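Just so you know, the protein sequences line up as chains P and U, in that order.
If you count by my numbering, then the first sequence holds residues 11 to 168, one letter each, in order.
If you count by my numbering, then the second sequence holds residues 3 to 508, one letter each, in order.
Structure first, then comments.
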Amino acid sequence: MEDNKLVKADFVVSLFLITFSIFIIVQSLLMPKYEAWGFYAMPAMTPFIFGFLLLFLSLILLGRSLKGGGHRIRITRIQIADALRSSEVKRFSTFLGAIVVYFLLLGNLNFVIVTAAFLFSMMLFFKGAKWWVCLIISVLTAFIVWYVFNRIFLVPLP
Amino acid sequence: MGAVYLFQAVIEQFSIMNLLYVFVATQLGIIIGMLPGLTATMGIALLTTLTFRWDAGNAIVTLISIYVGAIYGGSRSAVLLNIPGTPANAATCLDGFPLAQSGRGAEAIGLATTSSFLGSVAGLIALSFFTPVLGNLALEFKSFEIFWLAIFGVAICGNLTAAKDNLKGWISGILGIIFSFVGMEAIQGYPRLTLGILNLYTGFDIIPVLVGTYGLVEILHNLSKKDVKEAVSQIGRVLPRFKDVVANRFNILRSGLIGVVIGIIPGVGENIASYVAYDFSKRASKTPEQFGKGSVEGLIASETANNACVGGALVPVLSLAIPGSPPAAVLLAALWLHNVRPGPLLMIENPRYIYEFSAMFFWATCAMFILGLTIVKPLLRILRLPNAILMPIVFIFCTIGTFAINGRFFDLIVMIFFGLLAFPMRKLGFPEAPFVLGIILGPMIDENLRRGFILTNGNVLSFFSSPISMMLIIAVFFTLFARSRPVKYVFAGVSRGFKSLVRRGS
């Protein structure tokens, strides 16, 4: 990522981290004290310390990004539309969508069938090879994985 | 005398059948190690059930071979795919993958194999000759010392980043530590930061986190790119150059020693050893700027240390019946199943068993070296597959590996969550390595800090009372502040004073 974009990203990330660290500190303060054990044994101690450390480091990151002009962010509708239309986002979201569908089907349908279908669709979408090559590789992989892990090594499969 | 016993045991175990067991098991271990999510611990556990009815000698040599092979095997996927096969190889990704990207994949594997071999030799020496002595050293590490060791791990987070941005390394490490606090804590059993989600009560297992942070991110990164490039699969010289190994002799010695020492400390495993050795190597290097960009020194350090740690972790197994790492714990259980009773009485009841055990380790190490250098090229050819075919298949292995650990569907969700968290982190320059190290270190810091306080009724001074603690505190101090101006200034002054004293004396 270019340096000027990174500074702007750091600004956003630091705000997110500050919020997150405050959340951790607040959660720590809400934890029970177990006074009979002594204050040093309470479960909140380490989350509080590290939440505070994260807050401190996030403030440094925020200060650094402000110094570099990271707060001067302008996002236009065209930029958002261009980003959503980019092939990188399309590929990313398609694969992520396929993972969600694959996980939803796992356990409800036969492992070999679901896995072969997932592999075939992904290989085809990303243009790995000709459709029949993708089909052979997908079916063989799914079957071999099932046989080796489930039958030979008795590993539970989803 | 110990060397003679070891030599005798090595000769006694030299048989075709024994070697067959060793080579097959080591190869299986390498394959288990290569597959993301499948760990050495799981490999030993699986084979313990399969070898239950075998003769004790054959079963134990098989399990040791699996252990040695798996810890080494993870380096292959780390080098070639930037996905560590086991947590022990996470540090190997830092330089192994950039080396492979620059067209030196085969050389990187050759170096990783040689380093793993030399690391295992360091472990073998510790196992054979120092088991009773080093076993006692392990007992010196109590809550305070382990706490400082973990703090040292946090301190090196800032140094485990390719860029010059230490701040992002520390943020990444502390984020990992905070995520490790999710779930029921070990002392009072209070469920922390679970947001009422029942599945989070057990916390985040390291395997889904590791597979998500490295595996899924790498898959997403490769598949989302517009121009789908072929996977890195250069086939060149596998055997490392002798001069490279000789040039790294101090690096190998130091990393081997770090691996052994960290290995013998109970509960501290190969993953931490490789990170610590990597950091020490970076500090000692004349070219620290190369670390994270394909440094041979970095690769050698991490691989030497994680395999040295295997031998180190077996020292307390034999001498105290206390495992030094999670795979060693499973191996200890397997030894009990086969009526081998490790512990302080082992040296009295069966004094030669340590050498028999070490001889098994020796054969496994040799098998790892030979298999590691000979079956590189066929494996590299598999990786010539286009990313569009390879990455979905790798994803299936990630899914199986993650699910197989606990048989929980929730772990798959955890894998996705950490993958989606680590993907923007990588893009924004927050390194993954400190994050994973943080997840490992978090419970160590939490438990040992609070346990130490409970044992001493809140006496803070007890954390500074032992020599080991003081050494670790000094190490933490120099890790954090060695590059700061005041410390550099003080050092320069001390150095000048020392030189003038020497001149006056002479």
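We put the beta carbon where it would ideally sit given N, CA and C, even for glycine.
Values in this document were obtained by computation on a predicted structure and should not be read as measured data.
Distance from the CA of Y357 of chain U to the CA of A11 of chain U, rounded to the nearest whole angstrom, comes to 6 Å.
Under the 8 Å criterion on CB atoms, Q37 of chain P is classed as interfacial with respect to chain U. Taking C-alpha positions only, A330 of chain U is separated from Q15 of chain U by approximately 22 Å. At a Cβ-Cβ threshold of 8 Å, G374 of chain U and C311 of chain U do not count as neighbours. For Q89 of chain P, the uninterrupted alpha helix (DSSP H) segment begins and ends at 87 to 95.
The bridge partners DSSP lists for P193 of chain U are U:M186. Each of U:V123, U:A477, U:F25, U:T28 was checked against the Cα of A307 of chain U, and the nearest Cα belongs to U:V123. Near chain U, meaning a CB-to-CB distance below 9 Å, the residues of the segment 48 to 64 of chain P are G48, F49, Y50, A51, M52, P53, A54, M55, T56, P57, I59, F60, G61, L63, L64. Comparing C-alpha distances from L40 of chain U to each of U:P210, U:E220, U:V492 shows the shortest one belongs to U:P210. Residue burial is scored here from C-beta neighbours: I148 of chain U has at least 16 other C-beta atoms within 10 angstroms and is therefore classed as buried.
Cβ neighbours of S297 of chain U within its own chain (closer than 6 Å, five residues either side excluded): D97. Contact between the segment 46 to 62 of chain P and the segment 175 to 189 of chain U is present, with at least three C-beta pairs closer than 8 Å. Put simply, the CB of W172 of chain U is near chain P, with a gap under 8 Å to one of its CB atoms.
The three-state secondary structure of P168 of chain P, taken from DSSP, is coil. Taking T133 of chain U as the centre and dropping the five residues before and after it, the same chain places the C-beta of V317, L320, S321, I356 closer than 7 Å to its C-beta, in chain order. Any Cβ of chain U closer than 8 Å to the Cβ of E45 of chain P would place that residue at the interface, and such an atom is absent.
With a threshold of 16 other beta carbon atoms within 10 Å, E434 of chain U meets it and is buried. Taking the Cα positions, W365 of chain U is about 37 Å away from I391 of chain U. Counting the other CB atoms within 10 Å of its CB gives G409 of chain U a total below 16, which places it among the exposed residues. The Cβ atoms of A303 of chain U and A275 of chain U lie no closer than 8 Å to each other. For L151 of chain U, the three-state secondary structure derived from DSSP is helix. Under the Cβ distance rule, N450 of chain U does not count among the residues neighbouring chain P, no pair being separated by less than 8 Å.
Distance between I66 of chain U and F163 of chain P, taken at the CA atoms: about 18 Å. Residue contact with chain P for R506 of chain U: absent (no Cβ-Cβ distance below 8 Å to any residue of chain P).
Counted as a single uninterrupted DSSP element, the stretch harbouring V462 of chain U is not any alpha helix (DSSP H), since DSSP gives it neither H nor E. A check of alpha carbon separations from N91 of chain U across U:G217, U:E187, U:L126 identifies U:G217 as the nearest. In the structure shown, P388 of chain U falls within a strand segment according to DSSP collapsed to helix, strand and coil. For R194 of chain U, a Cβ of chain P is located within less than 8 Å of the residue's own Cβ. Three or more beta-carbon pairs separated by less than 8 Å link the segment 51 to 62 of chain U to the segment 335 to 342 of chain U, which places the two stretches in contact. Contacts with chain U at 8 Å (Cβ-Cβ) do not include F153 of chain P. Closer than 8 Å to the CB of E187 of chain U there is at least one CB belonging to chain P. With distances taken between CA atoms, V165 of chain P lies nearest to U:I402 out of U:L414, U:I402, U:F425.
With 16 or more neighbouring CB atoms inside 10 Å of its own CB, D448 of chain U falls in the buried class.
Taking the CA atoms as reference points, G78 of chain P sits about 25 Å from L423 of chain U.
The C-alpha of G125 of chain U is placed about 39 Å away from the C-alpha of M52 of chain P.
Leaving aside the five residues that flank S287 of chain U on each side, the residues in its chain whose CB is nearer than 6 Å to its CB run, in chain order, E299.
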